[in-house]
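Numbering (the working numbering), first residue to last: 172 to 435. Ideal Cβ positions, reconstructed from N, Cα and C, are used throughout, including at glycine.
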Ligand SMILES: [Zn+2]
């Protein structure tokens, strides 16, 4: 964990002026951004735009996880990457681009697929976790690590024209975890997703919403997307939300009656 000393100089005040001008943010939120670390799991269609906004907004440290290389089929929607990046590690290409956007942000990269064990210290080092991955095994592992570490999880998904976003916050006793909503047995659906198309702007919409939730969680501003599942239909451009309760029998979070935050 890097301890960031926060001293917003003239350049920073200018760079972040459009956030500082927001009454809800001001310099206080900007200093909180600078002190924060975000963990982004998956640097595809969702993680790329989410990371772009976090870095541009001055989140002090961002950890990027992805074991994939940039593929030609990614470029239709993963607009962080250039044609010249095809074949490169996604985290390397992303780190280069993001460093150019904002060289003051510390960017750490992990180019292996993170399993449950590897996720624990990564999650505990983070203030907020963004699940931008494309497989249920990782989603469940990220969720379990967030419940264990007491860290808020911003979960996003996108396939075809349909997107979903929700925040699972173990610090909120009424908040469900990912497993409360999506138990085991989703693998059949996952197999089908691998062969489905995805509408390019949808991933930008979902990733941007994830960044918005992460920034507001860091700053403690507004009403987070907890206890709600936001459903986005970009074929009709309708947004709706479902109330999502906690499952008292959930095997992942049911023992979590007293949220705690393990030390870093
Ligand atoms: Zn649960």
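Assigned with DSSP and collapsed to three states, residue 202 falls in helix.
The beta carbons of residue 209 and residue 385 sit closer together than 8 Å. For residue 188, the uninterrupted alpha helix (DSSP H) segment begins and ends at 188–191. For the 8 Å CB-CB criterion, residue 241 and residue 233 do not form a contact. In this model, residue 401 and residue 278 are separated by some 29 Å (Cα to Cα). Under DSSP, residue 327 takes part in a beta bridge, and its partners are 336. If you draw a straight line from the Cα of residue 250 to the Cα of residue 198, it comes to about 30 Å. Counting along the chain, the unbroken alpha helix (DSSP H) around residue 351 starts and ends at 349–352. At the C-beta level, residue 351 and residue 263 stay beyond 8 Å of one another. DSSP places residue 224 in the helix class (H, G or I) of the three-state scheme. The beta carbons of residue 348 and residue 303 sit about 17 Å from each other, so the pair does not count as a contact at 8 Å. Residues lining ligand 1 by the Cβ criterion, that is a Cβ closer than 6 Å to any of its heavy atoms, are 347, 348, 350, 351, 418, 421, 423, 424 in chain order.
Residue 377 holds the alpha-carbon nearest to the alpha-carbon of residue 408 among 377, 291, 308, 271.
Unbroken beta strand (DSSP E) runs of no fewer than 3 residues, entirely contained in the region 271–298, are found at 277–281, following chain order.
In terms of Cβ geometry, residue 318 and residue 399 do not form a close pair [threshold 8 Å]. Per DSSP, residue 400 is one residue of the beta strand (DSSP E) stretching across 399–404. Residue 384: member of the alpha helix (DSSP H) spanning 371–390, first to last residue. Take the alpha-carbon of residue 254 and the one of residue 216: they are about 15 Å apart.
Going by C-alpha positions, residue 372 is about 30 Å away from residue 315.
Just so you know, the alpha carbons of residue 267 and residue 235 end up roughly 12 Å apart. Excluding sequence positions up to five before and after residue 415, its CB lies within less than 8 Å of the CB of 337, 347, 351, 352, 398, 399, 400, all in the same chain and listed in chain order. Here residue 218 has 211, 303 as same chain residues with Cβ atoms under 6 Å from its own Cβ, once five neighbours each way along the sequence are excluded.
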